[in-house]
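Colleague: Right, I'll just put the structure down here and ask away after.
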């Protein structure tokens, strides 16, 4: 069902946990504007963070359709749909795709938990 390697998603989960565990990272629960710029603004102070740089490098190395799958996994894991809704989540991720996928993903404070939940739903395990 996934074209993106589950091991890659597991590495993203690990990096997101490291990044979000740092006290200096502050990400608002609700963005202040409806645009995606809030993610870029939040990350401006963390552009040289090693965990973020590796996270971004992995995302940037993925094909756009694989990036879209990671976004759809985020949405699935946070309850925006069920496993039966997977095709619709993918379609929405395709419609919303832009080159700032890494920033969009890492700006979600519960990214690691949501990705892990979605992998579990899909039958994959990070251990």
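In our numbering, the protein residues as written are 672 to 798.
Here a beta-carbon is modelled for each residue, glycine too, at the ideal position from N, C-alpha and C.
Could you tell me whether the Cβ atoms of residue 723 and residue 683 are closer together than 8 Å?
Modeller: 8 Å or more divides the Cβ of residue 723 from the Cβ of residue 683.
Colleague: Taking the beta carbon of residue 732 as the centre, do at least 16 other beta carbons fall within 10 Å, making it buried, or is it exposed?
Modeller: exposed
Colleague: Please classify residue 705 as buried or exposed, where buried requires at least 16 neighbouring CB atoms within 10 angstroms.
Modeller: Caution applies to residue 705, whose pLDDT of 45 falls short of 50 and renders its modelled position unreliable; the model cannot decide the point.
Colleague: Does the distance from the C-beta atom of residue 790 to that of residue 675 stay below 8 Å?
Modeller: no
Colleague: Ignore the nearest five residues each way along the sequence and tell me which others in residue 744's own chain have a CB closer than 6 Å to its CB.
Modeller: Closer than 6 Å at the Cβ level, and outside the excluded window around residue 744, lie 786, 789.
Colleague: What are the start and end residues of the alpha helix (DSSP H) that includes residue 798?
Modeller: Looking at the DSSP string, residue 798 is not in any alpha helix (DSSP H), and its letter there is neither H nor E.
Colleague: Assuming residue 768 contacts residue 735 under a Cβ cut-off of 8 Å, what Cβ separation, rounded to an integer in Å, is found between them?
Modeller: 6 Å
Colleague: Excluding sequence positions up to five away, which residues of its chain have a Cβ less than 7 Å from the Cβ of residue 797?
Modeller: 681, 684, 787, 790
Colleague: Can you give the Cα-Cα distance for residue 686 and residue 762, rounded to whole angstroms?
Modeller: 26 Å
Colleague: Where does residue 736 fall in DSSP's three states?
Modeller: helix
Colleague: Considering just the uninterrupted stretch of the alpha helix (DSSP H) at residue 689, what are its terminal residues?
Modeller: 677-692
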